[in-house]
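Note that the protein sequences, when read in sequence, are chains A and B.
To convert, count from 1 in the first sequence and add 12; that's this note's numbering.
To convert, count from 1 in the second sequence and add 20; that's this note's numbering.
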Amino acid sequence: MTVADTTGTSASPTDQPTFTAPKPTSAFRLILTLGLAGLFSGLITVLVYEWTLPKIEAYRAQQLQKTVLEVVPGAAQMRALFQDETVPGGWRIEQPKAGAGPTPDLFAAYDDGGTFLGFALRGEGAGFQDVIRLLYGFDPGQRKLVGMRVLESRETPGLGDKIYKDQNFVAQWSDLAVDPQIELTKDASVIGANIIHAITGATISSRALVKIVNQSNGQWLESLPEPAPVEPVSSAVETTREDG
Amino acid sequence: MSRSEADIKAYDEFIKGIWKENPVFVQVLGMCPMLAVTNTAVNAIAMGAATAFVLIGSSFLVSLLRRFIPKEVRISTYIVIIATFVTAADFLLQAIVPAIHKELGAFIALIVVNCLILGRQEAFASKHSVRFAVVDAAGMSVGFTIALFLLGAAREILGFGTLFGQSLFGPSFEPWVVMILPPGGFIMLGMLLLAGNAWKQRRLRTGNRVRKVA
């Protein structure tokens with residue numbers, strides 16, 4: 013009420029003739045303006061996206077291969093595995109390639125002597141803000157996770173981004189049983205081989221990681237191939253050079 | 021307005037963004053990226069460059085289209101224009117400098133809500149010719165980048181003991197970890213604002229003594 017009264021007194025009759033209502037713009041013009049803005053915005057966005065995509069994908073592939081060696085401790089070389097029904101055993105095994113191309117379903121990691129160490133599996137799912145992409149190492153002998161790295165995320169800075177910045181949290185994933193499945197708890201007193209303790213202030217992001225890994229485990233763990241040893245690292249390097 | 025007068029005015033518009041109306045130290049705008057990504061000098065410069073790209077591009081377009089954009093939908097149109105430049109900057113950084121893009125993370129996308137950018141469109145670009153709008157945006161961008169760099173360099177030197185990744189003090193230096201954490205950003209920004217205002221006050225006082233209007 014007070015506000016209305018004040019306005020009433022301040023608008024004296026002498027002010028009124030100077031005030032002319034602006035001519036309203038037609039609805040058609042408003043829609044046209046925003047429509048055109050949206051159209052050009054979309055066009056430009058798609059053009060930039062198409063132009064930058066190959067470079068972004070090549071970098072992703074390179075990062076992915078680098079991370080494989082990080083999530084499986086002791087790993088020095090790897091093979092890319094593609095699920096392929098036409099091949100005996102159901103898996104096509106290749107040398108990892110540089111540059112853009114189809115992303116392998118999983119990686120097999122070996123030490124420099126060629127002994128099989130474990131698999132690196134990819135996971136992907138909704139985080140708090142955007143898709144979280146991650147990679148984790150799995151030792152099929154012990155049925156344990158041996159390491160995990162977040163490849164891409166847009167979680168809240170200072171809170172959700174602790175899923176990769178908080179080293180204590182990340183360390184929990186390097187010795188983690190997968191059976192019956194990974195569980196998340198907020199209670200510090202709960203301890204178990206398959207327990208992940210959520211980050212304070214980032215419960216949703218922590219839960220997202222557990223869900224992504226469990227989902228990926230459900231998809232792959234039962235159909236993993238039998239790993240065969242490969243050549244020691246020196247000959248593997250030569251092979252790569254011949255390919256390149 | 022003669023040619024040289026216009027040049028002087030353009031020069032003034034450019035300089036005001038760096039000094040008299042510095043977006044960070046005077047207008048105190050754009051604090052979110054200012055505090056969040058200035059823990060190293062490189063991050064600060066990358067953020068400054070991305071903001072400059074968005075600000076100059078948007079100011080150019082908004083000024084160019086200022087007679088066609090109806091007043092009722094101007095804010096939404098500005099935001100669409102700004103968002104387009106931000107998305108482009110996001111993809112370009114990801115393709116050209118992926119390591120820095122990862123470091124800046126969500127803050128690249130958040131440039132779209134940097135009040136400095138929308139503020140310049142509404143307060144300046146929508147009312148001035150393309151030339152002045154671009155000059156104003158360039159001045160603001162340089163002022164913003166300088167402020168980010170000052171804060172980033174100071175925090176990197178104290179927090180890591182390095183500048184651009186080069187060690188400055190040798191291995192015996194004990195880094196002030198707080199400086200690279202959020203509180204360090206607030207502390208350092210506060211000190212920079214304090215120093216700037218103290219300098220301004222001093223100049224004002226000496227100016228009054230010689231009976232000059234500052």
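C-beta: ideal position from N, C-alpha, C; glycine also.
In chain A, which residues lie with their C-beta within 7 Å of the C-beta of F111 of chain B?
-> Under the 7 Å cutoff, chain A gives V60, Y61 and T64.
D178 of chain A versus chain B: which residues are under 8 Å apart at the beta carbon?
-> Listed along chain B, no residue sits closer than 8 Å to D178 of chain A by beta-carbon distance, the nearest being about 13 Å off.
Where I200 of chain B and A103 of chain B are concerned, what is the direct C-alpha to C-alpha distance, given to the nearest angstrom?
-> Taking the straight line joining both Cα atoms gives about 29 Å.
From the DSSP output, read off the bridge partner residues of W63 of chain A.
-> In DSSP, W63 of chain A forms no bridge with anything.
Determine the DSSP secondary structure at G213 of chain A, reduced to helix, strand or coil.
-> Looking at G213 of chain A - three-state DSSP - the assignment turns out to be coil, as it is neither helix nor strand.
Going by the CB atoms, is the gap between L75 of chain B and M160 of chain B shorter than 9 Å?
-> For M160 of chain B and L75 of chain B, yes; Cβs fall inside 9 Å.
May I ask you to report which of helix, strand or coil DSSP gives Q141 of chain A?
-> Q141 of chain A falls in the coil class under three-state DSSP.
Taking 9 Å as the CB-CB limit, is E176 of chain B close to chain A?
-> Closer than 9 Å: no.
Under the three-state reduction of DSSP, which class applies to R253 of chain A: helix, strand or coil?
-> With a pLDDT of 44 at R253 of chain A, under the threshold of 50, the predicted position of this residue should be treated as unreliable, and no value is reported.
Taking V222 of chain A as the reference, give the member of A:I207, A:D173 and A:P66 with the closest Cα.
-> That would be A:I207, whose Cα lies nearest to the Cα of V222 of chain A.
Chain A contact for G179 of chain B (CB, 9 Å cutoff) | So no, G179 of chain B is outside the interface.
Burial state of T79 of chain A (16 or more Cβ within 10 Å) | By the 10 Å Cβ count, T79 of chain A comes out buried.
Identify the continuous beta strand (DSSP E) that holds K122 of chain B and give its terminal residues.
-> For K122 of chain B, there is no enclosing beta strand (DSSP E); the enclosing alpha helix (DSSP H) covers residues P118 to L124.
For the alpha helix (DSSP H) holding L168 of chain B, just list the boundary residues, first then last.
-> Counting along the chain, the unbroken alpha helix (DSSP H) around L168 of chain B starts and ends at V150 to F180.
Beta-carbon of Q114 of chain B versus every beta-carbon of chain A: anything under 9 Å?
-> At a cut-off of 9 Å between beta carbons, Q114 of chain B contacts chain A.
Could you give the C-beta distance for S146 of chain B and V82 of chain B, rounded to a whole number, given that I count them as a contact under 8 Å?
-> The Cβ separation is near 6 Å, so the contact holds.
Could you please give me the residues that DSSP links to A70 of chain B through a beta bridge?
-> Beta-bridge pairing links A70 of chain B to no other residue.
Any chance the stretch 163 to 170 of chain B sits against the stretch 52 to 62 of chain B, with 3 or more Cβ pairs inside 8 Å?
-> The stretch 163 to 170 of chain B vs the stretch 52 to 62 of chain B: in contact.
Answer yes or no: the CB of F206 of chain B versus the heavy atoms of the ligand PLP, is any distance below 8 Å?
-> This structure simply doesn't include the ligand PLP, nor any ligand for that matter.
Would you say the stretch 91 to 110 of chain B touches the stretch 55 to 67 of chain A, given that touching needs at least three Cβ pairs under 8 Å?
-> The answer is yes - the stretch 55 to 67 of chain A touches the stretch 91 to 110 of chain B, with three or more Cβ pairs under 8 Å.
Q184 of chain A to L196 of chain A span [Cα, whole Å] = Their Cα atoms are separated by approximately 11 Å.
Hey, is V74 of chain B's beta-carbon within less than 9 Å of any beta-carbon in chain A?
-> Not one chain A Cβ lies under 9 Å of V74 of chain B.
Residues in the stretch 45 to 57 of chain A having any Cβ partner in chain B nearer than 8 Å | Residues T45, L46, A49, G50, F52, S53, I56 and T57.
Tell me which same chain residues have a C-beta within less than 8 Å of the C-beta of A173 of chain B, skipping the five on either side of it?
-> Once the five neighbours on either side are set aside, the close Cβ partners of A173 of chain B are A61, A64 and L183.
Neighbour list for A253 of chain B in chain A, Cβ cutoff strictly below 8 Å = Any answer about residue 253 of chain B is impossible in this case: the structure gives chain B only from 21 up to 234.
Do the stretch 126 to 135 of chain B and the stretch 74 to 92 of chain A touch if we need at least three Cβ pairs shorter than 8 Å?
-> Three or more beta-carbon pairs separated by less than 8 Å are not found between the stretch 126 to 135 of chain B and the stretch 74 to 92 of chain A, which leaves the two stretches without contact.
Below 8 Å, can you find three or more Cβ-Cβ pairs linking the stretch 163 to 173 of chain A to the stretch 130 to 143 of chain A?
-> Taking one beta carbon from each stretch, the stretch 163 to 173 of chain A and the stretch 130 to 143 of chain A have 3 or more pairs nearer than 8 Å; the two touch.
So the alpha helix (DSSP H) V182 of chain A belongs to, where does it begin and stop?
-> Per DSSP, the unbroken alpha helix (DSSP H) holding V182 of chain A starts and ends at Q179 to A183.
The stretch 89 to 101 of chain B: which residues have C-beta closer than 8 Å to a C-beta of chain A, in chain order?
-> Near chain A, meaning a CB-to-CB distance below 8 Å, the residues of the stretch 89 to 101 of chain B are I89, P90, K91, E92, V93, S96, T97, V100 and I101.
Could you check where the beta strand (DSSP E) with G139 of chain B kicks off and where it finishes?
-> G139 of chain B -> not in any beta strand (DSSP E); alpha helix (DSSP H) instead, spanning C135 to A143.
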